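Chains as they are written, first to last, in our numbering: chain A, 20 to 393; chain B, 799 to 1085. Note that CB positions come from ideal geometry on N, CA and C, so glycine has one too. Model, not experiment: these values are computed from the prediction. Below: one structure, written as structure tokens.
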Amino acid sequence: MADKELFVQGNEACALGALAAGCTFFAGYPITPSTEIAEVMSRKLPEIGGHFIQMEDEIAAVGAIIGASWAGQKVVTATSGPGISLMQENIGYAVMTETPIVIINMQRGSPSTGQPTRSAQADMMQTRWGSHGDYETITLAPSSVQECFDYTIKAFNLAEKYRCPVFVMADEIVGHMREKITIPEKVEIIPRQMPEKTDNYLPFDAPENGTTPMPSFGQGYNIHVTGLTHDKRGYPSTDDEETHTQLVTRLCDKILKNTNEITSIETEFLDDAETIVLSYGIPSRSALTAVKQARQKGIKVGYIKLGVVWPFAEEELIELTKNAKRIIVPELNLGQIYLEVDRVLGKYAKVELLSKIGGALHTPTEILDKIMEE
Amino acid sequence: MADHEHKFMKYLRKERLPHIFCPGCGDGIVLNTIFNAIEMSEVDFENISMVSGIGCSSRIPGYVKCDSLHTTHGRALAFATGLKTANPKQDVIVVTGDGDATSIGGNHLIHAARRNIDLTVICINNDIYGMTGGQISPTSPQGSYATTAPYGSTDKPFNIAEVAKAAGATYVAKYTTAQPIQVSQAIKAGLENKGFSFIEVVAQCPTYYGRKNKIRSPVEMIHWLKDNTISLEQAKDMTEEELEGKIITGVYINKPRKEFVEALEDISTKISDIDPDTNINRAYRSE
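In structure tokens:
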């Protein structure tokens, strides 16, 4: 079987990516503009012996995929802003219990029910700390239909490798846009790592900054999984400061200390760039066009696109932007990742927000005008 | 000492003992009936997974030597739905309480029952929130006291067994901790029913319900349960006023129908002869 070319929408590409990554279980709740993902999964999963369940709400959707993940399956759900709000409780549970799950969020205008059929990038902070407590997650931001496919596969692999919730944060435009994609003949897949069954088996005894293999229910490990602070056996130990500190620090460090392994950054024209447009997700499409137009005018401007937004690639960005005087951050919100960029790069360059809300994407001209402002 | 060990000790994570339950709590009686039911039934203990939510009763699976998932408040049935569907070979027991199952988890309860997914749910109903220190619950009798009902509860309580039955559970039974034999038999029947089985066990909480409602000792509470218990048969001829505050026990329904995961698998079997290499875009074609 050779590579396949398809003309599909982003939502469908996410579903196809999930299936290519070995996903066999989807639980979800209908919500615009992500519903097509559920529709495709409901059609495809029974064909491969997988399972699709339309749950009673998004809280239950994440509960069900966590349950299925502990039964040894690769799992995903898809939603949009109002749904991601409901999911937060069990996202925290997945973090605490180190359960691999993938959540696809087709962002829409918000807060509250906002603009169901328009685009936004306003849930970016919610994927980081939307649930209560100190924790870190992994967040990918596709800007094209091809990336919907590729990043969803990558999300599954990262979820298995780091045993945590991984978000694919696209938006209404990418979700509903149709583009040609290539489905490669072979896709790199990280399978679930099963532990060795030993007498003194400790299911939560992970190496420093690392993750431990994950057993499945029904295999005789007799493990206890709890959202309470637990020791290396998985047993609740809620009053011990040391246990709590070690556990929560490890859960954060396994992401933060592997930032360079996890993140991916695309760059163009950085060599002599004095101004850099730094973007993620759909605005990067307009950003690249604008940067190319500016280059034609002889302006020394470069382009950075974050494929992975969380963890934030601090060190790499400092290195990449060290010669820049000015950094422009176009976002479909009133400034979320801008604040993080400013925190990290603000002491070396002037960081400027190019915000846009209401549902439409920045045009290249709007970004070009911003580049030429000085 | 091993000679005197309780016969069910082999099912416990001994290293986790002593447990957190108060003296006189009903949870121990129910745990005993669960083990008894497993031994009475054809179910293999090695094949059991347990799921629970939050609350005193939800701590039970943590003491049982099986795979156990102690989840978020009210959500046990959502997690169990995923766990069971993904691996239907397991016998999944869900342990929950009145607040967990009917207040924060009420939506999940009615939908799991509606689907008739093969889970055995044991709901320990002590009419109060024990873990948080004695607040009112959706099953607290009208007029009963709690830390958040200092003037007495005004709300009409749920009869959880009726709720589960109305929502579509295929096996529903309700007994009290004063009827351990009946509870064991009901759990056994639930384990053997291929579908959603709901066993409500009305239990004593001397620490909070008893203290707040002047039924101070565990023994007094057991008497209180017995005195208020009537059978479904007896209830038939009683008026609504006469039934107020009564615990109506018995088998509410035992009527099998198609199980949820089986129905899903039927679809898979029916369509899986479709060539998976056919145009993957087919999902969007009108047919």
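Lys369/A is bridged by DSSP to Arg345/A. Nothing from the region 168-193 of chain A brings a Cβ to less than 9 Å from some Cβ of chain B. Residue state for Ser855/B is assigned as helix, using DSSP reduced to three classes. Restricted to the region 174-211 of chain A, the alpha helix (DSSP H) segments that are unbroken, complete and at least 4 residues in length are 191-195, listed in chain order. In the three-state reduction of the DSSP assignment, Met143/A falls in the coil class, being assigned neither a helical nor a strand state. Within 9 Å of the CB of Asp258/A, no CB atom of chain B is found; the nearest one sits about 12 Å away. Shown here, Glu334/A sits in a helix according to DSSP, grouped into three states.
Around the beta-carbon of Leu1062/B, 16 or more other beta-carbon atoms lie within 10 Å, marking it buried. Cα atoms of Asp190/A and Lys972/B: separation of roughly 49 Å, rounded to the nearest angstrom. Comparing C-alpha distances from Lys324/A to each of Glu166/A, Ile274/A, Gly149/A shows the shortest one belongs to Glu166/A. Taking C-beta atoms as the reference points, Thr245/A and Gly253/A count as a pair closer than 8 Å.
Scanning the region 88-144 of chain A from its first residue to its last, the whole alpha helix (DSSP H) runs of 4-plus residues come out as 100-116. The residue among Tyr112/A, Gly149/A, Gly152/A, Pro101/A with its C-alpha nearest the C-alpha of Gly133/A is Pro101/A. Taking the Cα positions, Ala899/B is about 39 Å away from His195/A. In this structure, the straight-line span from the alpha carbon of Gly903/B to that of Met838/B is close to 30 Å. Ala379/A carries a coil assignment under DSSP once its states are collapsed to helix, strand and coil. Contact of Ile120/A with chain B by beta-carbon distance below 9 Å is absent, the smallest such distance being about 10 Å. Within the region 268-334 of chain A, the runs of beta strand (DSSP E) that reach at least 3 residues and sit entirely inside it are, in chain order, 284-287, 294-299, 320-325, 327-329. Under the DSSP definition of a beta bridge, Thr1047/B partners with Ser1029/B.
Membership of Cys921/B in the beta strand (DSSP E) is indicated by the continuous run 918-923. According to DSSP, Ala884/B shares a beta bridge with no other residue. Under DSSP, Gly895/B takes part in a beta bridge, and its partners are Ile922/B. Val828/B: member of the alpha helix (DSSP H) spanning 825-838, first to last residue. About 6 Å separates the beta carbons of Gly229/A and Lys273/A, which is inside the 8 Å limit, making them a contact pair.
In the DSSP assignment, Asp361/A falls outside any beta strand (DSSP E) and lies within the alpha helix (DSSP H) extending over 356-364. Classified as exposed, Tyr949/B has fewer than 16 neighbouring CB atoms from the shown chains inside 10 Å of its CB. Between Phe994/B and Ala911/B, the C-beta spacing is below 8 Å.
Taking 8 Å as the CB threshold, Gln888/B lines the interface with chain A. A direct Cα-Cα distance of roughly 18 Å separates Ile318/A from Pro349/A. Taking each of Ala878/B, Cys854/B, Phe877/B, Asp842/B in turn and checking the Cα distance to Lys863/B, the smallest one comes out for Asp842/B.
Short of 6 Å from the beta carbon of Val919/B, and not among the five residues preceding or following it, lie these beta carbons of its own chain, in chain order: Val892, Phe996.
With respect to the 8 Å criterion, Ala876/B and Gly82/A are classified as neighbours on the basis of their beta carbons. With fewer than 16 other beta carbons inside 10 angstroms of its own, Ala21/A counts as exposed.
In chain A, no part has a C-beta under 9 Å from the C-beta of Phe819/B; the shortest such distance is about 14 Å. Spanning the alpha carbons of Ser283/A and Ala343/A requires a straight line of approximately 20 Å.
Buried is the label assigned to Val961/B, since at least 16 other Cβ atoms lie within 10 Å of its Cβ.
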